[in-house]
Amino acid sequence: MAVSLRRGEAEATGKPLYKSYADIPPGFLSKTACMKMKQPVRADEEPGAYVLNRNWLGYMPLYDRREKR
351 MAVSLRRGEA EATGKPLYKS YADIPPGFLS KTACMKMKQP VRADEEPGAY
401 VLNRNWLGYM PLYDRREKR
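According to this note's numbering, the stretch in the sequence shown is residues 351 to 419, in order.
Pasting the structure below:
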């Protein structure tokens with residue numbers, strides 16, 4: 351998987367898109383943040399959402415780490 355997706359690619363996934371990190375609901379984390387929590391992203395795991403990252407000029411994947419009830 352590419353590090354980031356262009357807008358059209360991110361929209362085609364049907365997953366939520368966020369324009370800033372402040373808009374992300376609690377529990378959606380980047381790959382690096384998942385590793386820091388000792389819950390690394392699995393090889394077959396799909397992102398749960400994407401956030402616009404202007405430094406990477408695209409949408410970065412976010413992974414769902416909300417508590418399961």
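C-beta: ideal position from N, C-alpha, C; glycine also.
Check, Outcome
"From Glu361, Thr363, Tyr368 and Ala362, residue whose alpha carbon lies closest to that of Arg404", "Tyr368"
"Given Arg392 as reference, the closest of Ser354, Pro366 and Asp414 once Cα atoms are compared", "Asp414"
"CA nearest to the CA of Glu395, picked from Tyr409, Trp406 and Ser380", "Ser380"
"Close Cβ partners of Cys384 (< 7 angstroms) along its chain, the five nearest in sequence each way excluded", "Pro390, Val391, Tyr413 and Arg415"
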